[in-house]
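Residues in the sequence shown are numbered consecutively from 3, following this note's numbering. Backbone N, C-alpha and C define an ideal beta-carbon position, used for all residues, glycine too. Following: one structure in structure tokens, then a few remarks.
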Amino acid sequence: MKVVLSSSISETDYELVKNEVLTSATGNQYEVLEFLGKGTYGQVVRCQQKGTTRNVAIKVLENDPRNSKKRDNEVSIIQQLSVENPAYNFVQAFEFFEHKQHKCIVFEMLRQSLFDYVVERESHCLPLKHIRPIVQQLLTALDKLKTLGLIHADLKPANIMLVDPIRQPFRIKVIDFGLSISVSEAAIDSCVQSRFYRAPEVLLGFPFNEAIDMWSLGCLMAELFLGWPLYPGRSEYDQIRYIVETQGLPASNVLNSGARTRQFFVPVRTPLLKSHFWRLKSRHEFEAETRIRSCENRIYIFDSLRDLAKVNPPMNLELDNTEALAEKADRRQFTDLVERMLSLDPDTRITPKDAANHNFMKLKHLDRYDFCRHVRHSVEIMEELSDRAMHFRAAAQAAAYASMYQQPIAVATAMLN
Numbered sequence: 003m004k005v006v007l008s009s010s011i012s013e014t015d016y017e018l019v020k021n022e023v024l025t026s027a028t029g030n031q032y033e034v035l036e037f038l039g040k041g042t043y044g045q046v047v048r049c050q051q052k053g054t055t056r057n058v059a060i061k062v063l064e065n066d067p068r069n070s071k072k073r074d075n076e077v078s079i080i081q082q083l084s085v086e087n088p089a090y091n092f093v094q095a096f097e098f099f100e101h102k103q104h105k106c107i108v109f110e111m112l113r114q115s116l117f118d119y120v121v122e123r124e125s126h127c128l129p130l131k132h133i134r135p136i137v138q139q140l141l142t143a144l145d146k147l148k149t150l151g152l153i154h155a156d157l158k159p160a161n162i163m164l165v166d167p168i169r170q171p172f173r174i175k176v177i178d179f180g181l182s183i184s185v186s187e188a189a190i191d192s193c194v195q196s197r198f199y200r201a202p203e204v205l206l207g208f209p210f211n212e213a214i215d216m217w218s219l220g221c222l223m224a225e226l227f228l229g230w231p232l233y234p235g236r237s238e239y240d241q242i243r244y245i246v247e248t249q250g251l252p253a254s255n256v257l258n259s260g261a262r263t264r265q266f267f268v269p270v271r272t273p274l275l276k277s278h279f280w281r282l283k284s285r286h287e288f289e290a291e292t293r294i295r296s297c298e299n300r301i302y303i304f305d306s307l308r309d310l311a312k313v314n315p316p317m318n319l320e321l322d323n324t325e326a327l328a329e330k331a332d333r334r335q336f337t338d339l340v341e342r343m344l345s346l347d348p349d350t351r352i353t354p355k356d357a358a359n360h361n362f363m364k365l366k367h368l369d370r371y372d373f374c375r376h377v378r379h380s381v382e383i384m385e386e387l388s389d390r391a392m393h394f395r396a397a398a399q400a401a402a403y404a405s406m407y408q409q410p411i412a413v414a415t416a417m418l419n
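Next comes the structure, spelled out in structure tokens:
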């Protein structure tokens, strides 16, 4: 009996069947075992390589001719990133092939998405000492993308995978480059970013660059801390409304030049100054014009991003004043970094490199509390992360050296195991 693994596929998706064998151009055979989910422009399944015990994740791309350029772009970017050092925290792709007119990408098998990991926690949020190493690795990835002139354009918890929560706690990799584009090809009508993590310049149809990834990361940091999205708009109007109510109006150059500004804002004339300023349309005005209902989907409604620091104070700190002071100091620096990532002006938004040197990441603000449990544990986690990155770089250098002198690549492989 044929068992179709996904019941929600489109006409252009390949109908994946349990125990079906996908054969690559190199002769590797992969048996389909389990449906893992649907990514941008394709489905992902868990497979076992025949003749081995190795599990892999294979993305089978849909074959809609209208999306052929986007699919080719995704494959090209993944090929480019797969040759980079593992220390840059991108998912590793092993090979690419075609199966019945559908392109397939064979990835390493990763354990769990950050979204699922957080949802399974009773609190649905993470402490700062656990958020920090995740952010550090994402900054490393985003800095590399910036160097390569690439924008991920869909950074969110579902596209961040935990490698192995038990043996490598908080070791993450970035996945799903289906919406990724080069900075040189970014256009205001590009389909980029999931709504909750969409930068104001994208919402307003203003030219954008890799700074939109930093906006997404700021939203993600706040979400990990709160246990709920910071700006969970059910429509683009609500998305921009939430931003304005918390942070004020976007930068004037963005509003003045945005191709979509007038969908959400009204120009208010000032005859004496022979100029105008912008006012956000009221919910009633927007609903009357578009018939799109505005609704409230936030759990936390802030007057300022600084209010983040006041949410969910740990109960166990009441007994130890020093621990409480360390936690408060950490929260202040966390909030400051989020504010810099969520700068409404993309030109002043903090870069990945500068963010990696922020006090929150470097722990400089906690020097005076180095005897506290919170601080000791935070330092240990970040030191382990640094050691792991050095390990990957050393392995890559060994592989390069072995390749130069035609020595077995097994030297480098052994270092990674």
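- Unbroken beta strand (DSSP E) stretches of 3 residues or longer found wholly inside the segment 99-185: 104-110, 162-166 and 170-176, given in chain order.
- Shown here for G250: same chain residues with a beta carbon closer than 8 angstroms to its own, the five before and five after excluded, namely L346 in chain order.
- With contact defined as three or more Cβ pairs closer than 8 angstroms, the segment 226-233 and the segment 299-307 are in contact.
- Less than 8 angstroms divides the Cβ of R281 from the Cβ of V270.
- DSSP places T272 within a strand segment (E or B) once states are collapsed to three.
- Per DSSP, A326 has no beta-bridge partner at all.
- In this structure, DSSP gives H360 a state outside helix and strand, which the three-state scheme calls coil.
- Each of S237, Q265 and F279 was checked against the Cα of A253, and the nearest Cα belongs to F279.
- The DSSP-derived three-state label of C297 is coil.
- S380 is a Cβ neighbour of R134, given a cutoff of 8 angstroms.
- The Cβ atoms of S84 and K158 do not sit closer than 8 angstroms to each other.
- Between the alpha carbons of L205 and I242 lies a distance of about 7 angstroms.
- Relative to the Cα of F92, the nearest Cα in the group G53, H104, L112 and Q103 belongs to L112.
- As the crow flies, the alpha-carbon of T149 is around 39 angstroms from that of A326.
- In this structure, the straight-line span from the alpha carbon of E187 to that of Q195 is close to 15 angstroms.
- Measuring C-alpha to C-alpha distances from Q103 to each of D369, N65, N57 and S237 identifies N65 as the nearest.
- Per DSSP, the unbroken alpha helix (DSSP H) holding S70 starts and ends at S70 to S84.
- Closest in C-alpha terms to T14, from the list P67, L35 and G53, comes P67.
- With 16 or more other Cβ atoms from the protein chains shown falling within 10 Å of its own Cβ, D178 counts as buried.
- According to DSSP, V46 shares a beta bridge with G39 and K61.
- Fewer than three pairs of CB atoms, one per stretch, sit closer than 8 angstroms, so the segment 123-140 makes no contact with the segment 50-61.
- Going by beta carbons, L257 and T248 fall outside the 8 angstroms limit.
- Taken through DSSP and simplified to helix, strand or coil, Q51 comes out as strand.
- Shortest Cα-Cα distance from A213 to any of A89, A155, Q265 and A189 involves A155.
- Nearest to L222 by C-alpha distance, out of E341, K105 and G44, is E341.
- Straight across, the Cα-Cα distance linking V185 with N323 is about 48 angstroms.
- Going by beta carbons, F109 and A160 fall outside the 8 angstroms limit.
- Judged by DSSP in its simplified three-state form, S196 adopts coil rather than helix or strand.
- Separation of D332 and K355 (C-alpha to C-alpha, rounded to the nearest whole angstrom) is 20 angstroms.
- Short of 6 angstroms from the beta carbon of I294, and not among the five residues preceding or following it, lie these beta carbons of its own chain, in chain order: S237.
- For F373, no beta strand (DSSP E) segment is defined, and its DSSP state is neither H nor E.
- Beyond the five residues adjoining it in sequence on each side, C374 comes within less than 7 angstroms, by CB distance, of T324, E325 and A328 in the same chain, given in chain order.
- Taking a 10 Å sphere around the C-beta of L274, we find fewer than 16 other C-beta atoms and assign the residue as exposed.
- Around M163, the same chain offers L112, S115, K175 and I177 as residues with beta carbons nearer than 6 angstroms, after the five sequence neighbours per side are excluded.
- In the three-state DSSP reduction, S218 falls in the helix class (H, G or I).
- The alpha carbon of Q51 has as its nearest neighbour, out of E33, K61, G41 and P202, the alpha carbon of E33.
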